[in-house]
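Just so it is clear: in the sequence shown, position 5 is 5 by full-length UniProt numbering, and no numbers are missing.
Ideal Cβ placement from N, Cα and C applies to all residues, glycine included.
First comes the structure, then the notes that go with it.
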Amino acid sequence: MKAMNATVVDIDKSAFKQRVKPLFDEFRAKDAQSAKDLEYIENM
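Okay, structure coming up:
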């Protein structure tokens, strides 16, 4: 029973990562973009 629970948790984790990673990447990309914008404004 314990081994089965472990695999269920692993599956849950990978499903969670697959769902969250695109959101996280998008957030990082936006963050990088706003950092560039800030840099641009400061250099004006």
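Going straight from the alpha carbon of residue i to that of residue j, what length do you get?
| i | j | result |
| --- | --- | --- |
| E42 | A32 | 15 Å |
| R28 | P22 | 10 Å |
| D12 | D25 | 20 Å |
| F16 | S34 | 27 Å |
| M44 | D37 | 11 Å |
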